[in-house]
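If you read the sequences in order, they're chains B and P.
The first sequence runs 105 to 228 under the working numbering.
The second sequence runs 105 to 228 under the working numbering.
Taking it in order: structure first as structure tokens, then the write-up.
Number of protein chains: 2
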Amino acid sequence: MPPVTTGRADRVRVLPEPPGLPTPLPEPAVDALRLEAVMGALSDPLRLRIVRTLLLEREEFDHPCGWFALDRPKSSLTHHFRALRDAGVLRQRQYGLERRSEVRIADLEARFPGLVALVAAWTP
Amino acid sequence: MPPVTTGRADRVRVLPEPPGLPTPLPEPAVDALRLEAVMGALSDPLRLRIVRTLLLEREEFDHPCGWFALDRPKSSLTHHFRALRDAGVLRQRQYGLERRSEVRIADLEARFPGLVALVAAWTP
DNA sequence: TGCGCTGTACGAGAAAAGTCGAACCATGGT
DNA sequence: ACCATGGTTCGACTTTTCTCGTACAGCGCA
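Here it is in structure tokens:
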């Protein structure tokens, strides 16, 4: 299976599915996304790395926070994931006890075309 | 009698260069541009507005700082213009006593294609 | 019932960024 | 010579952000 290419928005998986994805945690609507907020969220190397990892290595859907090899305490990770979600970069769902994240590729592409590709091309 | 200024003060930099423009102030090289730094510089509404204005309303080359209608004290503007220059978003040249700025469009486009367009499309 | 797991909430200290006044400098005009 | 212009530097203050420890909560499982 090919690694994801970020230039295009493939299907939007936001539909309510009968087996049911958990409802996403509160997030800004597409037309409420603000460029300065997104930029601010992506102005941190750690968060940039989170998003990039999510873009390049998502095998299926989304990953729990511990998926990434981040050597920070959990409370720090919560902080950064929340910053990304507040800015509208990430969508998070509660799967039982773990919270998984995915990049809102379609939404970002709709409002800020090309931005996702920049993050995917980023090198630490 | 023409008021000949003393040649003791070697302000040679003020001379207009026939073929060229004044040398830009120190700035990061193209391949030293960092996405997180650029994002950080563009995560502020005021700076976003500066860059966007520069992109959309540049009539010729570049503009002095006071060109924009920013109701901030001068020291604040210096701060923000410097932040933009440090991140590599702006290039600044000293024209005699005034300092003019232009967006490093080509450089940004080379490293982060599409980013300039996002700023140009931004709405306050 | 208790343990291990994932992750949150709160709060405090540290670090970074923004804000702005005041002093200053060089230039050009009158 | 003086003043206005366009801008810098410095220092102080305020605000925001980062970092992380501690405490806690829900779920699954023996």
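All C-beta atoms in this analysis are idealised placements derived from N, C-alpha and C, irrespective of residue type, glycine included.
A residue is called buried once 16 or more other Cβ atoms fall within 10 Å of its Cβ, and residue 211 of chain B is buried on that count.
With its beta carbon at least 8 Å from every one in chain P, residue 135 of chain B lies outside the interface.
Residue state for residue 179 of chain B is assigned as helix, using DSSP reduced to three classes. Residue 130 of chain B and residue 136 of chain B have their alpha carbons spaced roughly 13 Å apart. With a beta-carbon spacing of about 12 Å, residue 150 of chain P and residue 226 of chain P fall beyond the 8 Å limit used to define contacts. At a cut-off of 8 Å between C-beta atoms, residue 144 of chain P counts as an interface residue with respect to chain B. Going by beta carbons, residue 155 of chain B and residue 192 of chain B fall outside the 8 Å limit. Shortest Cα-Cα distance from residue 125 of chain P to any of P/203, P/188, P/213 involves P/203. Residue state for residue 201 of chain B is assigned as coil, using DSSP reduced to three classes. Secondary structure of residue 131 of chain B (DSSP, three-state): coil. Here residue 207 of chain P carries a strand assignment [DSSP, helix/strand/coil]. Assignment of residue 138 of chain B by DSSP, reduced to helix, strand and coil, places it in the coil class.
Residue 194 of chain B is bridged by DSSP to B/207. Taking a beta-carbon distance threshold of 8 Å, residue 180 of chain P does not count as an interface residue toward chain B.
The beta carbon of residue 221 of chain B sits closer than 8 Å to some beta carbon of chain P. When C-beta distances to chain P are compared with 9 Å, every residue of the segment 190–201 of chain B stays at or above that value.
At least one beta carbon of chain P lies nearer than 8 Å to the beta carbon of residue 140 of chain B. When secondary structure is reduced to three states using DSSP, residue 149 of chain B falls in the helix class.
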